[in-house]
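Notes for the one structure printed next.
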Amino acid sequence: MLLGVLMAALAVGCSEADTRTITLVRVASEAAPSCGAPDDGRSLIVRALGDFPSDESTARAAVVAAGVRLDIDSFPVATQALSLEVLGAGGAVRAVGRSAPLLGGIDALADGAELPVFMAPLGGACATGPPLAARVRPLLARSGAGAVVVGGVSLAGEPVHTVEYYDPASASFSLLAERLYGTDALGLTGASATGLPDGRVLIAGGPASAYQIYDPASGFSPALFLDPGRAYHAAVAIGPSQVLLAGGCGALAADARCTADSALRTSSIVDLDAGTVRAGPALAQRRIGGSAALVGGGAVLLSGGVDLDGAPLTTAERVFLDGSRTSEVIVGTAAVGASAARLLSGSVLTGFAPAGAESAATVAVLTPTGASPRALADAPVAVAGATLTALEDGSALALVGGQALRYEPVSGRFRVLDGLNLELAAPAAEGEGGLPAAEHAAALLDDGSVLVVGGRPSNESDVGDGAQAWIVRPGLDGPLDGEVAVSFGSPELAALAVASDPGRGALVADAAVPHYLLSASASTALPSEWLIAAGPQFGRVDIETRVRIDDGGVAVLFGFRDAAEHFALVLLPGQRASLFALAGGTARAVTACTAETVAQDDLRDGDDAVGLAVRVDDARVRASIGARTLIECEGFDAAPRGYVGVGVVGSAGAGLRIDTLSARRLP
Numbered sequence: 306m307l308l309g310v311l312m313a314a315l316a317v318g319c320s321e322a323d324t325r326t327i328t329l330v331r332v333a334s335e336a337a338p339s340c341g342a343p344d345d346g347r348s349l350i351v352r353a354l355g356d357f358p359s360d361e362s363t364a365r366a367a368v369v370a371a372g373v374r375l376d377i378d379s380f381p382v383a384t385q386a387l388s389l390e391v392l393g394a395g396g397a398v399r400a401v402g403r404s405a406p407l408l409g410g411i412d413a414l415a416d417g418a419e420l421p422v423f424m425a426p427l428g429g430a431c432a433t434g435p436p437l438a439a440r441v442r443p444l445l446a447r448s449g450a451g452a453v454v455v456g457g458v459s460l461a462g463e464p465v466h467t468v469e470y471y472d473p474a475s476a477s478f479s480l481l482a483e484r485l486y487g488t489d490a491l492g493l494t495g496a497s498a499t500g501l502p503d504g505r506v507l508i509a510g511g512p513a514s515a516y517q518i519y520d521p522a523s524g525f526s527p528a529l530f531l532d533p534g535r536a537y538h539a540a541v542a543i544g545p546s547q548v549l550l551a552g553g554c555g556a557l558a559a560d561a562r563c564t565a566d567s568a569l570r571t572s573s574i575v576d577l578d579a580g581t582v583r584a585g586p587a588l589a590q591r592r593i594g595g596s597a598a599l600v601g602g603g604a605v606l607l608s609g610g611v612d613l614d615g616a617p618l619t620t621a622e623r624v625f626l627d628g629s630r631t632s633e634v635i636v637g638t639a640a641v642g643a644s645a646a647r648l649l650s651g652s653v654l655t656g657f658a659p660a661g662a663e664s665a666a667t668v669a670v671l672t673p674t675g676a677s678p679r680a681l682a683d684a685p686v687a688v689a690g691a692t693l694t695a696l697e698d699g700s701a702l703a704l705v706g707g708q709a710l711r712y713e714p715v716s717g718r719f720r721v722l723d724g725l726n727l728e729l730a731a732p733a734a735e736g737e738g739g740l741p742a743a744e745h746a747a748a749l750l751d752d753g754s755v756l757v758v759g760g761r762p763s764n765e766s767d768v769g770d771g772a773q774a775w776i777v778r779p780g781l782d783g784p785l786d787g788e789v790a791v792s793f794g795s796p797e798l799a800a801l802a803v804a805s806d807p808g809r810g811a812l813v814a815d816a817a818v819p820h821y822l823l824s825a826s827a828s829t830a831l832p833s834e835w836l837i838a839a840g841p842q843f844g845r846v847d848i849e850t851r852v853r854i855d856d857g858g859v860a861v862l863f864g865f866r867d868a869a870e871h872f873a874l875v876l877l878p879g880q881r882a883s884l885f886a887l888a889g890g891t892a893r894a895v896t897a898c899t900a901e902t903v904a905q906d907d908l909r910d911g912d913d914a915v916g917l918a919v920r921v922d923d924a925r926v927r928a929s930i931g932a933r934t935l936i937e938c939e940g941f942d943a944a945p946r947g948y949v950g951v952g953v954v955g956s957a958g959a960g961l962r963i964d965t966l967s968a969r970r971l972p
């Protein structure tokens, strides 16, 4: 079905106008061709996304109809993606979608080019594919715009040897390889699949001491020797061409279990460019079936898993890749961590039991500061083989027992993903819902949706051949948006707020002025706790926030990539305003600044908050309260694109009240 035709007049050079026709095509899957095409759709809104502010010139609306034309002469040449919304009666959002990023911008599209967009209900799901084979416990890794699917077993328990690729432009799966290095009896049981930024995928370990590399340009490499061999290990990309394999066991028995005394306290680093495998840092504990997350500062967080007896582990550990420090053991994780999602604040959400283990409902947040894990009281139902997937809006998608739940980082709670009040366990239309109960795989795609493949179906009596996949559409908030605004009058207004530790903050929605209270966890000149505004990643940006200190001071964060990589503009009463650049976890004061001493009344107006404005314009930063400039810095290395946020500084227990936080790209 044709969604519409977009006429875009784009500036080329200095004076010429380049007008071209771009056809927006709704991608319809064979599994559910009408899902995402509401019968009551009335209006289509198209928005341009990129490194520019959002305004009237970056959005257009038209009546929904096949072949409708939108004449647009204002979309910027720098447009990097298009988002689409279909509105129904009363302006209700009935379906949404976003194009994949446009390499080279919209200016790189030829006249007559087609731009595919997968549409789905907001907060809903559509069946896609179907896959070529049914898989339980498959491996799934993002590769380019799509994903590679490998391994797993059939519903009857037989290993699946074929490898598939999911192409979101056609909502279809295709065969990549008949088989890889796995054994006839066990396939790739216990192996890992890890995607790298350039689209390559590393398949490693399992029943054979081998690995293979998938390159989108050339296909699969021959099988290469993995020494030592390992299965049921944790795996994470730690650089452009390197993958850490940690823990697991060294041998599998005929029943696919780890053999006696085979659990490993070692790690390996596979370098895909060099074709080498070298020893990584030693581990503090043997860990089978755990998860790994890169947390910044050259560290990886390992959590979850079981020991050789199948007992859940109750510790996590922070492993330092350069070997300069021994692993830090984090106690009290309450046996969680088969799945993990690194949140935008730098925290890691981890929980559930590994597939095949005893079910567990425990979920916890492991904070960037290394403090004790924060167990969540509002955990979902007990399950083994669930997944957690970090989303572009700062939340995480939990697929648990056939339901899709959204983890809200500002409150530490889970809610049914219900942008249309649609509980996915109870499908409302063809192809919607029907998500697997467990033992599936999930991966975030570059249009912000989540691909879910395989698993054990929620309804065992109506599964067909069991070859199933879905696209879950959480929302459209993402890194290319032009602005973000956070306030605290309702969960919806605070939806894009991501706390470093939900236990160190409190959402106060029923106050005269709704706000968020943040409490310092340590005495430090840099923020010990913070709140990040999710969605857009900014370079040049205007930031505005209304805050009030109780004790201590405030830091405005920008260029935030993780706890170890960002800029912090610190305002602490009694001291001069200062700017710090953090890289690799090391803070460096920016000295090319003109700064004033901050007074306590600068950061509170009696019982009221004060407005603080920060402008980041390449290698120049200015912070002001009203007409008064507190600090101005220039001539330093420009901040990388990243998120913005607010943190609390000062002694442990110092409090910061945040009323609002907003940011907008500079033109």
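Every letter in the sequence shown is one number past the one before it in our numbering, and letter 253, counting from 1, is 558. For glycine and all other residues, C-beta sits at the position ideal for the given N, C-alpha and C.
Close beta carbons around residue i, own chain, < 6 Å, minus the five adjacent residues each side
i, result
"Pro-868", "The amino acid at residue 868 is misidentified as Pro; the sequence shows Ala. Gly-601, Gly-651, Pro-673."
"Arg-399", "Pro-343, Gly-346, Val-391, Gly-393"
"Ala-731", "In this predicted model, Ala-731 has a pLDDT of only 32, less than 50, meaning its place in the structure is not dependable enough to derive any value."
"Phe-872", "Phe-863, Gly-864, Ala-886, Ala-944"
"Gly-916", "Arg-851"
"Gly-610", "Arg-592, Ile-593, Gly-594, Gly-595, Leu-618"
"Arg-866", "Gly-947"
"Thr-692", "Ser-644, Leu-704, Ala-747"
"Ala-522", "none"
Beta-carbon proximity check, residue i vs residue j, cutoff 8 Å
i, j, result
"Ser-526", "Gly-510", "no"
"Ala-551", "Val-624", "yes"
"Gly-580", "Leu-529", "yes"
"Val-949", "Leu-862", "yes"
"Arg-845", "Asp-922", "yes"
"Pro-443", "Glu-335", "no"
"Ile-261", "Ala-430", "Given that the chain is displayed from residue 306 to residue 972, the structure contains no residue 261 and the question cannot be resolved."
"Ala-959", "Gly-808", "no"
"Pro-343", "Gly-393", "yes"
"Ala-1054", "Ile-350", "No answer is possible for residue 1054: the residues shown for the chain start at 306 and end at 972."
"Ala-386", "Leu-785", "yes"
"Asp-782", "Ala-839", "yes"
"Ala-882", "Leu-935", "yes"
"Val-859", "Val-954", "yes"
"Glu-697", "Gly-753", "yes"
"Ala-646", "Ala-665", "no"
"Leu-432", "Gln-905", "Checking the sequence, you will find Ala at residue 432 rather than Leu. Contact: no."
"Ala-438", "Pro-473", "no"
"Ser-716", "Leu-671", "no"
"Ala-669", "Ala-680", "yes"
Min CB distance residue i to chain D below 8 Å
i, result
"Ile-543", "Checking the listed chains, one finds no chain D in this structure; it contains a single protein chain."
Same chain only: Cβ atoms within 7 Å of residue i, ignoring 5 sequence neighbours per side
i, result
"Leu-648", "Leu-654, Ala-695, Gly-699, Ala-701, Pro-714, Val-803"
"Glu-939", "Ala-897, Ala-924, Arg-925"
Residues that DSSP places opposite residue i in a beta bridge
i, result
"Glu-633", "Arg-623"
"Tyr-471", "Ala-452, Phe-478"
"Val-846", "Val-921, Arg-970"
"Ala-745", "Checking the sequence shown, residue 745 turns out to be His, not Ala. His-745 is not bridged to any residue."
"Val-757", "Ala-747, Trp-775"
"Cys-431", "Ile-776"
"Glu-870", "Asp-867"
"Thr-488", "Gly-492"
"Gln-708", "Val-705"
Sequence-distant residues of its chain with Cβ nearer than 8 Å to residue i (five each side left out)
i, result
"Ser-956", "Ala-825, Ser-828, Asp-856, Gly-857"
"Ala-709", "Ala-430, Leu-702, Ala-703, Val-721, Leu-722, Leu-729, Leu-740, Val-777"
"Val-458", "Arg-440, Val-441, Arg-442, Pro-464, Val-465, Gly-492, Thr-494"
"Gly-810", "Val-715, Ala-804, Tyr-821, Leu-822, Leu-823, Ser-824, Glu-834, Leu-836"
"Gly-628", "Pro-586"
Inter-stretch contact (C-beta, 8 Å, three-pair minimum) for the stretch 462-477 and the stretch 529-545: Between the stretch 462-477 and the stretch 529-545, the count of Cβ pairs shorter than 8 Å is below three; the stretches do not touch.
Can you list the beta strand (DSSP E) stretches of 3 or more residues lying completely in the stretch 648-706, in chain order? The qualifying runs are 653-656, 668-671, 692-695, 701-705.
Uninterrupted beta strand (DSSP E) stretches inside the stretch 534-582 (no shorter than 3 residues): Taking only runs of at least 3 residues, the beta strand (DSSP E) segments lying wholly in the stretch 534-582 are 539-542, 547-551, 572-576.
In the stretch 889-967, which residue ranges form an unbroken beta strand (DSSP E) of at least 3 residues, counting only runs that do not cross its ends? Whole beta strand (DSSP E) segments, 3+ residues: 891-894, 898-900, 915-922, 925-930, 933-939, 947-955.
Count the CB pairs spanning the stretch 789-796 and the stretch 482-495 that are closer than 8 Å, and state whether there are at least three. The stretch 482-495 and the stretch 789-796 do not touch, with fewer than three beta-carbon pairs separated by less than 8 Å.
Report yes or no: do the stretch 584-603 and the stretch 568-575 share at least 3 C-beta pairs separated by less than 8 Å? Touching, yes, given that three or more Cβ pairs across the two stretches are closer than 8 Å.
Can you list, in chain order, the stretches of the beta strand (DSSP E) that have 3 or more residues and sit fully within the stretch 782-806? Counting only runs of 3+ residues, the beta strand (DSSP E) found wholly inside the stretch 782-806 occupies 788-791, 802-804, in chain order.
Is it a yes or a no for the stretch 810-823 touching the stretch 887-905, going by three-plus beta-carbon pairs under 8 Å? The stretch 810-823 is not in contact with the stretch 887-905.
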